[in-house]
DNA sequence: TACCACTATAAGCTGTGCTTATAATATGAG
DNA sequence: CTCATATTATAAGCACAGCTTATAGTGGTA
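The following block contains the structure:
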């Protein structure tokens with residue numbers, strides 16, 4: 001009896017779920033298997049134990065007294081197991097985290113604010129990697145990737161968490177000095193100066209903005225400057241070199257100080273969505289959650 | 001991490017065993033699987049948890065600190081599970097038991113002694129069934145079968161326990177009165193009277209005894225009486241009707257009281273081996289163990 | 001009665017969990 | 001040092017456990 005039941009403890013795991021929900025289909029959803037599988041597992045378990053655990057009442061499966069006893073026991077046992085596994089696999093809060101994101105984000109947002117995080121959590125060391133691509137988290141030993149774009153979710157491996165944490169519009173921006181020397185009132189006025197674009201802009205490209213604003217003749221524009229990342233583009237623009245397209249969160253401070261302006265205040269048709277990508281089963285999950293929480297709050301308070 | 005580990009708790013069961021033994025091959029023996037399976041399971045578990053649980057030291061697998069922590073946790077959790085399952089599946093000592101055995105045993109041994117058992121354990125009800133065959137325990141709702149013969153083990157389903165509990169010689173016996181009226185000194189003298197045989201004697205038949213004793217002419221013997229069970233045979237014999245072959249444990253009391261005698265004290269070549277047949281996973285195991293223990297002691301004390 | 005939201009069951013498929021065979025490893029003895 | 005031994009590790013193969021889909025069955029409600 002006991003030997004038979006302990007031969008397949010996984011049935012007990014499914015049992016705990018079905019018993020808690022008093023519903024096979026809810027258990028199925030939680031366990032990510034089909035209702036039929038749950039039903040068959042429960043039948044198997046009842047056969048193994050030669051007792052009845054559930055009583056069907058309409059749409060739900062009420063527990064027999066024996067079922068209730070077993071629920072209590074399984075919950076206690078799995079709690080012990082969970083805590084035990086936690087203890088050996090989950091690292092303490094103190095330790096290191098490796099963060100990967102775009103060069104623009106790391107340079108313009110993260111590095112300037114990192115001292116705030118470190119002041120709050122001096123026991124957490126942050127290592128920052130910038131990359132324009134979606135690298136493999138496991139291969140590169142990355143704990144958290146902060147990614148931007150419209151297809152992050154689709155391009156993220158299903159074994160990883162992909163958490164949306166906000167979005168920003170993209171605007172054409174130039175230096176205040178340039179805006180004083182040239183009268184920029186309409187989208188077509190931008191064609192009077194240099195336009196700084198990224199070599200890989202994705203969907204946040206100038207042609208899309210010009211199309212969206214119904215601007216003619218941009219195809220004949222000659223003054224293009226191509227750079228590798230938004231921080232480089234902004235560096236050029238801050239020094240009076242035309243316009244670039246930038247997500248608002250990246251330039252909040254420069255807009256406030258008046259270094260950068262948006263004379264043509266029409267956003268790009270594509271917004272920049274932001275995502276955290278990490279493994280929820282990471283041993284560093286406790287540390288990760290702290291960083292993610294901090295970053296989310298920081299982003300919200302500066303937006 | 002945790003989710004991954006809890007997806008296959010059976011690995012943790014094997015772990016507890018391997019960790020306790022600090023040996024994969026010992027764990028394999030206990031779990032009745034191959035050493036290679038254990039090795040692969042432990043590798044899988046270490047991968048799932050992304051930690052090292054064992055350190056190989058020659059012929060044994062020492063535990064890492066993490067392995068020790070997990071051993072402690074798994075032992076605790078499985079203890080809780082075991083107790084929980086026990087509580088819902090194992091019946092109390094009080095209750096009923098259904099015992100099946102031959103008619104001879106039930107009539108001649110068990111029924112006369114049952115009051116002794118009931119005096120000791122008034123909360124246990126015994127239901128007795130007699131049958132000459134090996135019935136299916138589960139089908140007939142038999143909790144314990146007491147069986148005799150040379151091939152009980154081979155004829156018992158492997159899912160059941162088959163416990164040998166002793167053996168007895170078989171002798172030709174007759175009434176004291178008959179022994180006084182006819183001089184029985186040698187095996188051939190038995191041919192002067194009726195011989196009571198069973199319709200299904202198995203290997204405990206008269207021809208085997210006569211061959212064993214080198215007795216000539218038994219094939220021409222005309223005074224045969226055929227009955228269905230040993231208790232019927234003994235009933236006839238007690239009333240002066242010739243000889244029958246009987247296992248000693250069945251006639252102990254009648255030998256002591258002088259009702260039956262063994263004038264030719266040569267045992268049958270085949271002894272009667274006794275077995276308990278039951279399901280060790282039975283919910284009534286607690287009760288069964290009590291009965292089995294009592295019967296074993298009772299049999300030993302009267303033999 | 002019909003409808004609905006669930007559970008139960010049957011049949012089929014595939015990948016998990018074993019097996020066997022053999023390689024690799026650690027240890028001790030000579 | 002070599003060799004033997006008793007273990008664990010690994011690879012390849014197989015079959016059946018554990019799922020799936022499809023559909024039947026059930027209980028409750030209007």
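Protein chains in written order, with full-length UniProt numbering: chain A, 1 to 303; chain B, 1 to 303. All C-beta atoms in this analysis are idealised placements derived from N, C-alpha and C, irrespective of residue type, glycine included. These figures come from a predicted structure and were not determined experimentally.
Under the rule that a run must span 4 or more residues, the alpha helix (DSSP H) segments found entirely inside the segment 152 to 240 of chain B read 176 to 181, 206 to 212 and 230 to 238. Note that the segment 253 to 261 of chain B touches the segment 175 to 182 of chain B; at least 3 beta-carbon pairs, one per stretch, sit closer than 8 Å. Under the DSSP assignment, residue 118(B) falls in the alpha helix (DSSP H) whose first and last residues are 111 to 120. The C-beta distance from residue 264(A) to residue 186(A) rounds to 7 Å, short enough to fall under 8 Å. Here DSSP, grouped into helix, strand and coil, assigns residue 270(A) to coil. The DSSP-derived three-state label of residue 57(A) is strand. Under DSSP, residue 261(A) takes part in a beta bridge, and its partners are 174(A).
Interface annotation for the segment 76 to 108 of chain B against chain A: 76, 77, 78, 80, 81, 82, 83, 84, 85, 86, 87, 88, 89 and 90, criterion Cβ-Cβ distance under 8 Å. At a cut-off of 8 Å between beta-carbon atoms, residue 8(B) makes contact with chain A. Secondary structure at residue 90(A): coil, using DSSP grouped into helix, strand and coil. Within chain B, the C-beta atoms nearer than 8 Å to that of residue 73(A) come from 80, 81, 83, 84, 85 and 87, in chain order. With its beta carbon at least 8 Å from every one in chain A, residue 33(B) lies outside the interface. In the three-state DSSP reduction, residue 19(A) falls in the helix class (H, G or I). Contact of residue 12(B) with chain A is assigned, a C-beta pair being separated by under 8 Å. Identification of chain A residues near residue 51(B) by a Cβ-Cβ cut-off of 7 Å yields 88 and 89, ordered along the chain. The beta carbon of residue 283(A) falls within 8 Å of a beta carbon belonging to chain B, placing the residue at that interface. The beta-carbon separation of residue 55(B) and residue 45(B), rounded to 15 Å, does not stay under the 8 Å limit for a contact. For residue 222(A), there are no CB contacts under 6 Å within the same chain when 5 residues up- and downstream are skipped.
Residue environment: residue 302(A) is assigned as exposed (fewer than 16 neighbouring CB atoms within 10 Å of its CB, all protein chains considered). For residue 243(A), the secondary structure class from DSSP, reduced to helix, strand or coil, is strand. The segment 137 to 153 of chain B makes no contact with the segment 118 to 126 of chain B, as fewer than three CB pairs between them are under 8 Å.
In the three-state reduction of the DSSP assignment, residue 301(B) falls in the helix class, which pools H, G and I. Short of 6 Å from the beta carbon of residue 277(A), and not among the five residues preceding or following it, lie these beta carbons of its own chain, in chain order: 145, 147, 156, 160 and 162. The C-alpha of residue 19(B) lies about 31 Å from the C-alpha of residue 289(B). Proximity to residue 212(A) across 249(A), 271(A) and 235(A) peaks at 271(A), based on C-alpha coordinates.
Taking the beta carbon of residue 69(A) as reference, the chain B residues within 7 Å of it are 84, 87 and 88, listed in sequence order. Selection 108(A), 49(A), 172(A) and 184(A) evaluated against residue 82(B) yields 49(A) as nearest (Cα-Cα).
Between residue 245(B) and residue 206(B) the beta-carbon gap is near 7 Å, inside 8 Å, which marks them as a contact. Apart from sequence neighbours up to five positions away, the residues of its chain that approach residue 284(B) with a beta-carbon distance below 6 Å are 91 and 143, ordered along the chain.
Contact between residue 106(A) and residue 130(A) is confirmed by a C-beta separation of about 4 Å, below the 8 Å threshold.
Residue pairing by DSSP puts residue 276(A) in a beta bridge opposite 146(A) and 163(A). If you check each beta-carbon in the segment 209 to 240 of chain B against every beta-carbon of chain A, none falls closer than 7 Å. The beta carbon of residue 293(A) sits no closer than 8 Å to any beta carbon of chain B. Per DSSP, the continuous beta strand (DSSP E) segment holding residue 97(A) begins and ends at 95 to 101. Less than 8 Å divides the Cβ of residue 69(A) from the Cβ of residue 84(B). In the structure shown, residue 62(A) adopts extended strand secondary structure according to DSSP, grouped into three states.
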